[in-house]
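All letters in the sequence shown, in the order written, are residues 292 to 430 by my numbering. We treat Cβ as the ideally placed atom computed from N, Cα and C, and that holds for glycine.
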Amino acid sequence: MATNRTFTMLKPDAVQNGHIGAILEKINAAGFRIVAMKMTQLSKVDAEAFYAIHSERPFFGELVEYMTSGPIVSAILEKDNAVDDFRTLIGATNPAEAAEGTIRKMYAESIAANAVHGSDSDENAAIESAFHFSGRENF
Ligand code: IDP
Ligand code: MG
Numbered sequence: 292m293a294t295n296r297t298f299t300m301l302k303p304d305a306v307q308n309g310h311i312g313a314i315l316e317k318i319n320a321a322g323f324r325i326v327a328m329k330m331t332q333l334s335k336v337d338a339e340a341f342y343a344i345h346s347e348r349p350f351f352g353e354l355v356e357y358m359t360s361g362p363i364v365s366a367i368l369e370k371d372n373a374v375d376d377f378r379t380l381i382g383a384t385n386p387a388e389a390a391e392g393t394i395r396k397m398y399a400e401s402i403a404a405n406a407v408h409g410s411d412s413d414e415n416a417a418i419e420s421a422f423h424f425s426g427r428e429n430f
């Protein structure tokens with residue numbers, strides 16, 4: 292069943308480059324409501340667990356090193372068709388292939404440092420939200 296919620300992280304490059312405000316502005320302008328949000332820094336154990344599905348991929352080590360390199364902003368977002376619409380808003384994984392006007396096209400540095408995460412299914416949105424938020428936040 293669709294939950295109309297998705298999970299996002301503004302990744303270390305976006306935070307480091309001062310793009311938090313601009314990216315949140317685009318998220319709001321696209322009709323998403325921010326349900327929960329916080330800034331944290333992932334430990335190696337956290338990043339390995341969050342991206343466990345990619346553990347056999349050649350870029351896994353680079354991904355974990357990058358995702359632990361600085362603070363991130365994690366958030367739960369709500370909108371009709373949230374998962375698919377947010378994936379459209381962020382654009383392709385590789386910013387070189389991302390459509391004009393997408394967040395990754397505008398703000399990502401590279402295929403690894405690609406500014407934002409967006410859940411790829413309702414099931415993963417729920418799993419990823421529960422990984423980052425305890426449920427005691429006001430949502
Ligand atoms: P997605 O974030 O668009 O869903 P995934 O294939 O799930 O893309 O990959 C997860 C993350 O791993 C990407 O967002 C990116 O940060 C990183 N990544 C994906 N492919 C590569 C690669 O070929 N080299 C380096 N990092 C990559
Ligand atoms: Mg993915």
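Check: Asp411 C-beta below 7 angstroms from any heavy atom of the ligand MG
At least one heavy atom of the ligand MG is nearer than 7 angstroms to the Cβ of Asp411, so yes.
Measuring CB to CB, does Ala373 end up less than 8 angstroms from Ile325?
Going by C-beta atoms, Ala373 is not nearer than 8 angstroms to Ile325.
Simplified DSSP state of Met292, which is helix, strand or coil
Low per-residue confidence applies at Met292: pLDDT is 49, beneath 50, and the placement is therefore not dependable, though the value from the model is reported in the following sentence. Coil at Met292, not helix or strand.
Excluding the 5 residues preceding and the 5 following Glu353 in the sequence, name in chain order all residues of the same chain whose CB lies nearer than 7 angstroms to its CB.
Closer than 7 angstroms at the Cβ level, and outside the excluded window around Glu353, lie Ala403.
For Ile363, which residues from the same chain have a beta carbon less than 8 angstroms from its beta carbon, with the 5 sequence-adjacent residues on both sides left out?
Only Met300, Leu301, Lys302, Pro303, Val306, Met330, Thr331, Gln332, Leu333 meet the Cβ criterion.
What I want to know is whether the C-beta of Thr384 ends up closer than 7 angstroms to one or more non-hydrogen atoms of the ligand IDP.
Result yes, Cβ under 7 angstroms from the ligand IDP.
Report the option in Asp411, Phe422, Phe377 whose CA atom is closest to the CA atom of Ala340.
For Ala340, the nearest C-alpha among the options comes from Phe422.
Would you decide whether Gly382 is buried or exposed? Buried here means 16 or more other CB atoms lie within 10 Å of its CB.
Of the other Cβ atoms in all chains shown, 16 or more fall within 10 Å of the Cβ of Gly382; this residue is therefore buried.
Is any heavy atom in the ligand IDP found nearer than 7 angstroms to the beta carbon of Phe350?
Yes, the beta carbon of Phe350 sits closer than 7 angstroms to at least one heavy atom of the ligand IDP.
Same chain, Cβ closer than 6 angstroms to Asn429, five either side skipped, listed in chain order
Spatial neighbours of Asn429 in its own chain (CB-CB distance under 6 angstroms, excluding positions within 5 residues in sequence) are not present.
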